[in-house]
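Chemist: Please see the structure below; I have some questions.
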Amino acid sequence: MQHDMKTKEDLKTMALGTSKINYLDPRITVAWCKRHEVSIEKIFNKSLLVKFCWTMDVDPEIRF
């Protein structure tokens, strides 16, 4: 039972990470973080920061 709970928790984290990478435009995420003064490091891990470095200069007021 304990193993099943850990597996479920691990898969939940993986699913959220997959959504951030595959389904959300990173420019929207970066613009939202800038607009709401949320540190991008709270949303993207180090590898995603490197992968999405091209999005870091997006205008926070951009409308998608």
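The sequence shown finishes on residue 236 if you use this note's numbering, and the numbering steps up by one all the way, no holes. Beta carbons: idealized from backbone N, C-alpha and C, even for Gly.
1. State the DSSP-derived secondary structure class of N194, mapped to helix, strand or coil.
2. Where do the N-terminal and C-terminal ends of the alpha helix (DSSP H) with K218 fall, by residue?
3. Candidates A203, F216, D229 and H208: which alpha carbon is nearest I193's?
4. DSSP state of V202, grouped into three classes?
5. Give me the Cα-Cα distance between K206 and D176, rounded to the nearest whole angstrom.
Modeler: For this structure:
1. It is helical.
2. Counting along the chain, the alpha helix (DSSP H) containing K218 begins and ends at K218 to K223.
3. Minimum Cα-Cα distance from I193 among the listed residues A203, F216, D229 and H208 corresponds to F216.
4. Reduced to three states, the DSSP call for V202 is helix.
5. Taking the straight line joining both Cα atoms gives about 38 angstroms.
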